[in-house]
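Each residue of the sequence shown is one higher than the one before, counting from 997 in the numbering used here.
Where is the CB? At the ideal position from N, CA and C, for every residue including glycine.
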Amino acid sequence: MNRVFANALMLAALCTAWSGAAAADATGDFYSGKRLTFVVGSEAGSGYDAYARLLARNIVRFIPGNPEVIVQNKPGAGSITAINAVYNTLPQDGTVIVSLNRTAPFSQILGHSGAQFDPVKLNWLGSLFEEIGLLVADKKAKAPTLADARQTPVIIGATSPGTDSVIFPALLNNTIGTKFQLVQGYGGMDGIYLAFARGEIQGQESSLESTRRKIPNWRSETDILVQFGLRKHRDLPDVPLVLDRIDPAWVVPGLTVQEVTDFWRFILAQTRIGRPFALGPGVPKQRMEALRRAFDVTARDSIFLGQAAKSQLDIDPVGGAEIDSLIAQAASLSRDSIEKLKGEINYKGASVTAPKQP
C-alpha cells in the first residue's frame, strides 16, 4: 500500500476515534449529575408502565455520565396528554423520555383532536416489543380460515370503537368481505375472555402475548384465522398475515388492491412499533444518538433480559431509525386515503351491546 495513502487512512481513523471519544465525553459531562425522567402516558401497573420501568432502571447504566432516573405516570387520552407535554413544554435537552401508546402517533395522522404534536418530528428512541395481534375463533364456529369467515358469520367480542378489538375485524369486513359480527361494550379484555370461555361469543382479537396468558391450550382449542403484523411471528410460521390475504377476488367493490394494502400497512405499522419510546423534537442530535446506542445495548444486555424474563415481559426490540421510517410512511398517505381509511375502520354491521357482566 502507498505509504502516503496508508498514513492518510491512519489519520482518518484517529480523527474518527477522537471525534467519537470527544462526543462521548461531552455527553457524559452533560448527563453527569443529571436526572433522566421517563414520562409514561398510561397508568401505573399497565403493560406500557412495566416496560418503561424496566427500561428506565437499566438504560442509565449505558448512558455516558450515568444519570439518575425517575418514572412519572401521566395518563390521559391514550397517552396523548403525555406526548403533548414532552413535545411542547418539558425540557428538550435529552433528559425527558416519553413512553407512549403505540396508537397515539397514528391518531394524530388520522386527524383526531387533542394531538398537539407532529409524530414525524419526534425523536424516536426505539421499541422494546413488537405486538403481534391474533384473531381466534372457537372451533364450534366452523370458520377455521378467513376464507370461511367470508361465508360464515362469526360473533366477535369487542370493547369500544377506536380499539384494536373493533378496528381489526371491522377493517377485515370492510376491505376483504369477512362477516364478523361485533358485540361491543365489554369493559375490557378480561370480560371478552370470560364471554369467550362461556361460549357467549365465538371469537376475539387480542395480542399474542395476551392470548397465551388468557386462553389455556389456545393452539389446540381455537382456530387462528390471521395474525396482525407486518411480519410473521417466529412461533406462528403457519398462520397467515392479513397482507397475505389481500386477493383481488376478495377486495370489496369500491376499493382497489393498492388502497387495501395501504390501509393495512398503515394500521399494522402500529403493531410493529409495539412499546415505543420517544423524545421531543428539539433534543440535540449528539445526545439522541447516545441515547439510541444506550437503548440498543440495553435491549441485548443479559441483566436486562433476565429481569424481563422474571417479569414475563417479552423483548423483541425495534430500532429508532425503523420507527422513523414507519411513521414517515404512514404520514405520507394522501389526505383522501386517510379520510377513506377513517370510514373503513368503523364497524358497519348490526349493533349488538355486550350483556352486563356479573
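| Inside the stretch 1131 to 1184 only - alpha helix (DSSP H) runs reaching at least 4 residues | Along the length of the stretch 1131 to 1184, whole alpha helix (DSSP H) runs at least 4 residues long occupy 1142 to 1145, 1160 to 1172, reported in chain order.
| field | DSSP three-state assignment for Ala1274, whether helix, strand or coil | value | strand
| message | Helix, strand or coil for Gly1199? Go by DSSP, reduced to three states. | response | strand
| field | Contained alpha helix (DSSP H) runs [length at least 4] in the stretch 1213 to 1261, N- to C-terminal order | value | 1214 to 1217
| According to the neighbour-count rule (16 or more other Cβ atoms, all chains shown, within 10 Å of its Cβ), is Ile1299 buried or exposed? | exposed
| said: To the nearest angstrom, how far is the alpha carbon of Lys1117 from that of Ile1079? | reply: The straight-line gap from Cα to Cα measures roughly 12 Å.
| said: Contact criterion: CB-CB distance below 8 Å. Does Gly1339 meet it with respect to chain B? | reply: Judged by its chain identifiers, the structure shown contains no chain B, having just a single protein chain.
| What residue does the beta strand (DSSP E) around Cys1302 start on, and which one ends it? | The question names Cys, but residue 1302 is Gly in the sequence shown. Element bounds for Gly1302: not the beta strand (DSSP E) but the alpha helix (DSSP H), 1298 to 1306.
| query | With Phe1176 and Asn1170 assumed to form a contact (beta carbons below 8 Å), what rounded beta-carbon distance in angstroms separates them? | reply | A Cβ-Cβ distance of about 10 Å is found for the pair Phe1176 and Asn1170, leaving them out of contact under the 8 Å criterion.
| said: Using a Cβ-Cβ cutoff of less than 6 Å, which residues in the same chain neighbour Leu1226 once the five nearest sequence positions on both sides are dropped? | reply: Leu1264, Arg1268
| task | Pull up the distance between the alpha-carbon of Pro1157 and that of Val1065, whole angstroms please. | result | In a straight line, the C-alpha of Pro1157 is about 36 Å away from that of Val1065.
| field | Distance CB(Ala1346)-CB(Gly1153) smaller than 8 Å | value | no
| query | Does DSSP put Val1067 in a helix, a strand or coil? | reply | strand
| message | Alpha carbons only, please: which of Leu1221, Pro1233, Gln1303, Ala1290 is nearest the one belonging to Asp1134? | response | Leu1221
| request: Locate the alpha helix (DSSP H) running through Leu1086, then write down its first and last residues. | output: Where Leu1086 is concerned, there is no enclosing alpha helix (DSSP H), given that its DSSP letter is neither H nor E.
| query | Nearest CA to the CA of Glu1318: which residue from Arg1283, Pro1236, Leu1121? | reply | Leu1121
| query | Going by the beta-carbon positions, is the gap between Ile1128 and Leu1204 smaller than 8 Å? | reply | yes
| task | Check each candidate in Asp1297, Asn1062, Leu1251, Val1279 and name the one with the smallest Cα separation from Leu1337. | result | The candidate whose alpha carbon is nearest that of Leu1337 is Leu1251.
| query | With a CB to CB cut of under 6 Å and the five nearest residues on each side skipped, what residues in its chain are close to Arg1146? | reply | Gly1173, Thr1174
| field | Buried versus exposed, by CB contacts within 10 Å (16 or more), Gly1184 | value | Answer is exposed; the Cβ neighbour count stays below 16.
| So does the stretch 1282 to 1291 actually touch the stretch 1240 to 1247, counting three or more Cβ pairs closer than 8 Å? | no
| query | In terms of alpha-carbon separation, which member of Gly1024, Arg1053, Tyr1027, Leu1032 lies closest to Leu1301? | reply | Arg1053
| Cα-Cα separation between Phe1224 and Val1348, rounded to whole angstroms | 25 Å
| task | Mind the definition here: the stretch 1059 to 1077 touches the stretch 1027 to 1037 only if three or more C-beta pairs lie below 8 Å; say whether that holds. | result | yes
| field | Residues of its chain near Ile1105, where Cβ-Cβ distance is below 6 Å and the 5 sequence neighbours each way are ignored | value | Ala1326, Ala1327
| Grouping DSSP H, G and I as helix and E and B as strand, with all else coil, what is Ile1334? | helix
| CB of Leu1131 within 8 Å of CB of Phe1102, strictly | no
| query | Alpha carbon to alpha carbon, how far is Ser1216 from Asn1342? | reply | 31 Å
| Is it true that the CB of Val1150 sits closer than 8 Å to the CB of Ala1143? | No, these two residues do not count as a Cβ contact at 8 Å.
| message | Just list the residues that DSSP pairs Arg1031 with in beta bridges. | response | Glu1064
| query | What is the DSSP secondary structure of Tyr1343, counted as helix, strand or coil? | reply | coil
| query | Relative to the C-alpha of Leu1124, which residue among Gln1200, Leu1309, Ser1321, Ser1161 is closest? | reply | Leu1309
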